[in-house]
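Down below is the structure, laid out as structure tokens.
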Amino acid sequence: MSTRPGQGVAGAPWQGHWKGSECCLFFCYACRLLSTAVLQSMTPAISIRNLYKTYANGFKALNGISLDVQQGDFFALLGANGAGKSTTIGVIATLVKKTAGTVEVFGQNVETHVYDTKLNLGVVPQEINFSLFEKVMDIVVTQGGYYGLPIKVAKERAEKYLRQLGLWEKHNQQARVLSGGMKRRLLIARALVHEPKLLILDEPTAGVDIELRRSTWEFLEEINKAGTTIILTTHYLEEAENLCRNIAMIDKGEIVVNTSMKQLLQTLNKELFVLDTYNHMTTAPLLNGFEVKLLDETSLEVALDKGQNLNEVFQLLSDNRISVKSMRNKSNRLEQLFVSLLHRPIDTSAAGAVK
Amino acid sequence: MSTYDGKTRLMLNSYIFIAYQTIVIKEVRRFLRIWVQTLVPPVITIALYFVIFGNLIGSRIGKMGGYSYMEFIVPGLIMMAVINNAYANVVSSFFSQKFQKSIEELLVAPVPNYVILLGFVTGGVARGLCVGLIASLISLVFSGVHMHNIFITAIVILLGSVVFSLGGFINAVYARNFDDISIIPTFVLTPLIYLGGVFYSVDTLPPLARHISQFNPIFYMVNAFRYGILGISDVSIGLSMGLLTLLTVVMFAFSLRLLYTGKGLRN
Chain P
1 MSTRPGQGVA GAPWQGHWKG SECCLFFCYA CRLLSTAVLQ SMTPAISIRN LYKTYANGFK
61 ALNGISLDVQ QGDFFALLGA NGAGKSTTIG VIATLVKKTA GTVEVFGQNV ETHVYDTKLN
121 LGVVPQEINF SLFEKVMDIV VTQGGYYGLP IKVAKERAEK YLRQLGLWEK HNQQARVLSG
181 GMKRRLLIAR ALVHEPKLLI LDEPTAGVDI ELRRSTWEFL EEINKAGTTI ILTTHYLEEA
241 ENLCRNIAMI DKGEIVVNTS MKQLLQTLNK ELFVLDTYNH MTTAPLLNGF EVKLLDETSL
301 EVALDKGQNL NEVFQLLSDN RISVKSMRNK SNRLEQLFVS LLHRPIDTSA AGAVK
Chain B
1001 MSTYDGKTRL MLNSYIFIAY QTIVIKEVRR FLRIWVQTLV PPVITIALYF VIFGNLIGSR
1061 IGKMGGYSYM EFIVPGLIMM AVINNAYANV VSSFFSQKFQ KSIEELLVAP VPNYVILLGF
1121 VTGGVARGLC VGLIASLISL VFSGVHMHNI FITAIVILLG SVVFSLGGFI NAVYARNFDD
1181 ISIIPTFVLT PLIYLGGVFY SVDTLPPLAR HISQFNPIFY MVNAFRYGIL GISDVSIGLS
1241 MGLLTLLTVV MFAFSLRLLY TGKGLRN
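As given, the protein sequences belong to chains P and B, one line each in that order. The first sequence begins at 1 in this note's numbering and counts up by one. The second sequence begins at 1001 in this note's numbering and counts up by one.
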């Protein structure tokens, strides 16, 4: 853009007259800026291609995993013990050396762009891995220091996240005095001190009581809404169903399912209901077209296929002079899918935990 | 990281310096927090050496190298305290962090390997110097003040503690359990220190033992340090300094290589 006669300095199109070529140039420039911005927002938060990992003892943990997680997503990575979830996270966090494949965080390779990828990434490990003899505050502030935060900023951030996670009262105590649930929340506060754009949590609520688990979920939902991409591995399938929008299931080092939670749940063609009745029964009543099981003398389990009507069930029960006291959905829907997809037996007694 | 422009590079350097500072503060805080285990035992040991060897037995030994026996052993005992503690600090701190996996805090962060190494070594040097200073103060009670060459004294004590911090680091990287971090100090380090001329001049040894002593790196450190304080040495001071520098460089390079290959740290 050259200086034009009678016009001190060339300005934007709304300041004076522009030649056609200048307008064209400006238009191209704007388009480029816009497309860069769009492309950047479309770059996946994580992009994994053909990832293989064979450990020194010959165990093949990952057999060619490819996976994309979009920015802003709340993503569940599910799998049984030893399926390869933690190995995948280990490779992303550079704690595990891959055998082959590539991992990109926000479009940058974790091996060639070490500094940027690590700044964008926060990891909450499965096991407690801070020194139990250090003070809670020191653990978080020290981690901030490793990411280059000046001490003042690190302290401010530590206070912010310790308060949000309900740990501020303990900030001056050694980490060993914290309860199991609090230790897990300290792991989250530590992972957030450098305010990463992507947070990966490896079973963040394992062994945490219901109340703390729920408040952890609320906290994670909040930071996800504020823009942080979250990847979660969990054994509690209820957790994944409640929180996550997209899901991948991993089995024996391979991705077996990678879809949206909604679509996945739609593929479920059977739903189980447990009905508590006023009547005492010795055998399950015959309800034409429905699968019925007697659980105990006052409760029945009814399986409903897609397209079947619950009203019909009640009609048939009325015909059999059985009156229903209450009704609930049996266990977790995702759990049924998980079992059918991975063909693994499960123990449903432990609040939906897959053993 | 070589693709960054000058300004970003400068910013990164300041981040990296903060990371280094953080590791050092953490290391110093650790040995100060457990001072009963880290600072008190060496002080008691050194005081006992001074009383028993220097004062009680030493008075019957007579002069060695032109100095009283007490004056002769002071530099060696201070050096012994420094290298023992530098080694112990890094080996126990790094191994326990590896053992309880808190080393992952550093490995997931964007901290270059050389900064991790420098941080731990500085922690070891800090404890070595701290104990060395206390030992020197105790020695004043038993012996007069000598300082032949402060420059050589400072260089030797610094390089000596760096070398043994690196030794502790290498030991910790290879260690798989707590036995492994006490085997080397007990079976290798202690004999080398005791046979390294802390308590005697090699002139008093038979020719074969004198010859063997020349393969002991601690022998050179003790003599160089004694030269700095008293001005006497069993070996050439140039050779001692050269060896010490070479050892520092080789061990630093080896430790850094261990970190880059992820030995014992990254699967």
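Ideal Cβ positions, reconstructed from N, Cα and C, are used throughout, including at glycine. These numbers come from a predicted model, not from an experiment.
Margin query: Check for me: the beta strand (DSSP E) holding Gly962(B) runs from which residue to which?
Written below: A query on residue 962(B) cannot be resolved here, the shown segment of chain B reaching from 1001 to 1267 and no further.
Check: Looking at the C-beta of Lys1101(B), does it have a partner C-beta in chain P at a distance below 8 angstroms?
Finding: Residue numbering aside, residue 1101(B) sits at position 101 when the second sequence is read from its first letter. Cβ-Cβ to chain P under 8 angstroms: yes for Lys1101(B).
Notebook entry, point to check: In terms of residue numbering, what span does the beta strand (DSSP E) encompassing Lys358(P) cover?
Noted result: Chain P is shown from 1 up to 355; residue 358(P) falls before or after that span and cannot be answered.
Note to self: Given a cut-off of 8 angstroms on the beta-carbon distance, is the pair Val1108(B) and Ala175(P) in contact?
What the structure shows: Position 108 of the second sequence, counted from the start, is the residue given in the question as residue 1108(B). Position 175 of the first sequence, counted from the start, is the residue given in the question as residue 175(P). In terms of Cβ geometry, Val1108(B) and Ala175(P) do not form a close pair [threshold 8 angstroms].
Item checked: chain P within 8 angstroms of Ala1126(B), Cβ atoms only -> One-based indexing of the second sequence puts residue 1126(B) at position 126. Ala1126(B) does not count as touching chain P.
Item checked: Neighbourhood of Glu221(P) by C-beta, 7 angstroms cutoff - its chain only, sequence neighbours within 5 removed -> Along the first sequence, one-based indexing puts residue 221(P) at 221. Result list for Glu221(P): Leu243, in chain order.
Next item on the list: Output the residue ranges of the alpha helix (DSSP H) runs that lie fully inside the segment 214-299 of chain P and measure 4 residues or longer, sorted by chain position.
Entry: With a minimum length of 4 residues, the continuous alpha helix (DSSP H) runs that stay inside the segment 214-299 of chain P are 237-243 and 261-266.
Next item on the list: Take Val91(P) and list the residues in its own chain whose beta-carbon comes closer than 7 angstroms to its own, dropping the five residues that flank it on each side.
Entry: Numbered from 1 along the first sequence, position 91 holds the residue referred to as residue 91(P). Result list for Val91(P): Leu51, Lys53, Lys98 and Val103, in chain order.
Note to self: At the level of alpha carbons, what is the spacing between Val1342(B) and Asn63(P)?
What the structure shows: Since the first and last residues shown for chain B are 1001 and 1267, residue 1342(B) lies out of range.
Next item on the list: Would you please verify whether the beta carbon of Met1001(B) is less than 8 angstroms from any beta carbon of chain P?
Entry: In the second sequence, counting from the first residue as 1, residue 1001(B) sits at position 1. Legend: pLDDT at Met1001(B) = 43, less than 50; position of this residue unreliable, no value from coordinates given.
Check: Shortest alpha-carbon distance to Gln164(P) belongs to which of Tyr115(P), Ile188(P) and Arg321(P)?
Finding: For the purposes of this step, residue 164(P) is taken as residue 164 along the first sequence, with counting starting at 1. The candidate whose alpha carbon is nearest that of Gln164(P) is Ile188(P).
Notebook entry, point to check: For Val1121(B), which residues in chain P fall below 7 angstroms Cβ to Cβ?
Noted result: Reading the second sequence from its first residue, position 121 is the one you call residue 1121(B). Taking a Cβ-Cβ threshold of 7 angstroms, none of the residues of chain P is close to Val1121(B); the smallest such distance is about 17 angstroms.
Note to self: Using a 10 Å radius around the Cβ and a threshold of 16 neighbouring Cβ atoms, would you call Asn1177(B) buried or exposed?
What the structure shows: For the purposes of this step, residue 1177(B) is identified with residue 177 of the second sequence, where counting begins at 1. Classification for Asn1177(B): exposed.
Check: Can you list, in chain order, the residues of the segment 135-168 of chain P whose Cβ is nearer than 9 angstroms to any Cβ on chain B?
Finding: Answer in chain order: Asp138, Ile139, Val141, Thr142, Gln143, Gly144, Gly145, Tyr146, Tyr147, Gly148, Leu149, Pro150, Ile151 and Ala154.
Notebook entry, point to check: Is DSSP giving Met42(P) helix, strand or coil here?
Noted result: As a working note, residue 42(P) is residue 42 in the first sequence. Assigned with DSSP and collapsed to three states, Met42(P) falls in helix.
Next item on the list: Would you mind giving the Cβ-Cβ distance between Leu198(P) and Ala45(P), rounded to the nearest angstrom? I have them listed as a contact below 8 angstroms.
Entry: The residue given as residue 198(P) occupies position 198 in the first sequence. The residue given as residue 45(P) occupies position 45 in the first sequence. Taking 8 angstroms as the upper bound for CB-CB distance, Leu198(P) and Ala45(P) are in contact here, some 5 angstroms apart.
Check: Under a three-way DSSP split, which group does Glu104(P) fall into?
Finding: For the purposes of this step, residue 104(P) is identified with residue 104 of the first sequence, where counting begins at 1. When secondary structure is reduced to three states using DSSP, Glu104(P) falls in the strand class.
Checklist line | Contact set for Lys1098(B): own chain, Cβ-Cβ below 6 angstroms, skip 5 residues either direction | finding: As a working note, residue 1098(B) is residue 98 in the second sequence. For Lys1098(B), there are no CB contacts under 6 angstroms within the same chain when 5 residues up- and downstream are skipped.
Notebook entry, point to check: Which residue from Glu1071(B), Phe1094(B) and Ile1157(B) puts its Cα closest to that of Phe1053(B)?
Noted result: The count along the second sequence starts at 1 and reaches residue 1053(B) at position 53. Closest by alpha carbon: Glu1071(B).
Item checked: Buried or exposed by the 16-neighbour rule on C-beta atoms within 10 Å, applied to Asp167(P) -> For the purposes of this step, residue 167(P) is taken as residue 167 along the first sequence, with counting starting at 1. Residue 167(P) is actually Leu in this sequence, not Asp. Answer is buried; the Cβ neighbour count reaches 16.
Notebook entry, point to check: Taking C-beta to C-beta, are Pro204(P) and Leu121(P) nearer than 8 angstroms?
Noted result: Here the question's residue 204(P) lines up with position 204 in the first sequence. Here the question's residue 121(P) lines up with position 121 in the first sequence. No, these two residues do not count as a Cβ contact at 8 angstroms.
Checklist line | Cross-chain neighbours of Asn1267(B) in chain P, by beta carbon under 9 angstroms | finding: One-based indexing of the second sequence puts residue 1267(B) at position 267. For the C-beta of Asn1267(B), the chain P residues within less than 9 angstroms are, from N- to C-terminus, Lys53, Tyr55, Ala56, Thr87, Gly90, Leu95, Val96 and Lys97.
Notebook entry, point to check: Which residues bound the beta strand (DSSP E) around Asp202(P)?
Noted result: Taking the first residue of the first sequence as 1, we reach residue 202(P) at position 202. Element bounds for Asp202(P): Leu198 to Asp202.
Notebook entry, point to check: Looking at Gly144(P) and Gln1021(B), is the spacing between their C-beta atoms short of 8 angstroms?
Noted result: Counting from one through the second sequence, the residue named residue 1021(B) turns up at place 21. Counting from one through the first sequence, the residue named residue 144(P) turns up at place 144. For Gln1021(B) and Gly144(P), no; Cβs fall outside 8 angstroms.
Next item on the list: Check Asn329(P) in the structure and name its three-state DSSP category.
Entry: Translated into positions along the first sequence, residue 329(P) becomes position 329. If DSSP states are grouped into helix, strand and coil, Asn329(P) belongs with the strands.
Next item on the list: Grab the span of the alpha helix (DSSP H) containing Asn320(P) for me, first residue to last.
Entry: Here residue 320(P) corresponds to residue number 320 of the first sequence, with the count starting at 1. Unbroken run through Asn320(P): none, as it is neither H nor E.
Item checked: Contact with chain B by Leu300(P), beta-carbon distance below 8 angstroms -> Walking along the first sequence from the start, residue 300(P) turns up at place 300. It does not: the Cβ of Leu300(P) has no partner Cβ on chain B nearer than 8 angstroms.
Item checked: Buried versus exposed, by CB contacts within 10 Å (16 or more), Gln7(P) -> To locate residue 7(P), count along the first sequence from 1; it is residue 7. Bear in mind that the predicted position of Gln7(P) carries a pLDDT of just 39, short of 50, making it unreliable; the figure below should be weighed with that in mind. With fewer than 16 other beta carbons inside 10 angstroms of its own, Gln7(P) counts as exposed.
Next item on the list: With a threshold of 16 other CB atoms inside 10 Å of the CB of Thr1122(B), please say whether the residue is buried or exposed.
Entry: Indexing the second sequence from 1 puts residue 1122(B) at position 122. With 16 or more other Cβ atoms within 10 Å, it is buried.
Margin query: With H, G and I counted as helix, E and B as strand and the rest as coil, what does DSSP make of Ile1083(B)?
Written below: Within the second sequence, the letter at position 83 stands for residue 1083(B). Collapsing the DSSP output to three states places Ile1083(B) in a helix.
Margin query: Strictly under 8 angstroms for the Cβ-Cβ distance: is Leu62(P) near chain B by that measure?
Written below: Sequence index remark: in the first sequence, residue 62(P) carries index 62 (1-based). Cβ-Cβ to chain B under 8 angstroms: no for Leu62(P).
Notebook entry, point to check: What number of angstroms, rounded off, separates the C-alpha of Thr233(P) from the C-alpha of Ala191(P)?
Noted result: One-based indexing of the first sequence puts residue 233(P) at position 233. One-based indexing of the first sequence puts residue 191(P) at position 191. Each residue's Cα considered, the two are about 16 angstroms apart.
Item checked: Where Glu111(P) sits in the DSSP three-state scheme -> Residue 111(P) sits at position 111 when you count from the first residue of the first sequence. Three-state DSSP puts Glu111(P) in coil, outside helix and strand.
Next item on the list: For the beta strand (DSSP E) holding Gly64(P), just list the boundary residues, first then last.
Entry: One-based indexing of the first sequence puts residue 64(P) at position 64. If you look at Gly64(P), you'll find it in the beta strand (DSSP E) that goes Lys60 to Val69.
Checklist line | Interface partners of Glu127(P) on chain B, CB under 7 angstroms | finding: Here residue 127(P) is taken as the residue at index 127 of the first sequence, counted from 1. By Cβ distance, chain B contributes Lys1101.
Next item on the list: Taking 8 angstroms as the cut-off, decide whether the C-beta atoms of Asn172(P) and Lys135(P) are in contact.
Entry: Start at 1 with the first residue of the first sequence, and residue 172(P) comes out as number 172. Start at 1 with the first residue of the first sequence, and residue 135(P) comes out as number 135. A contact, by the Cβ cut-off of 8 angstroms.
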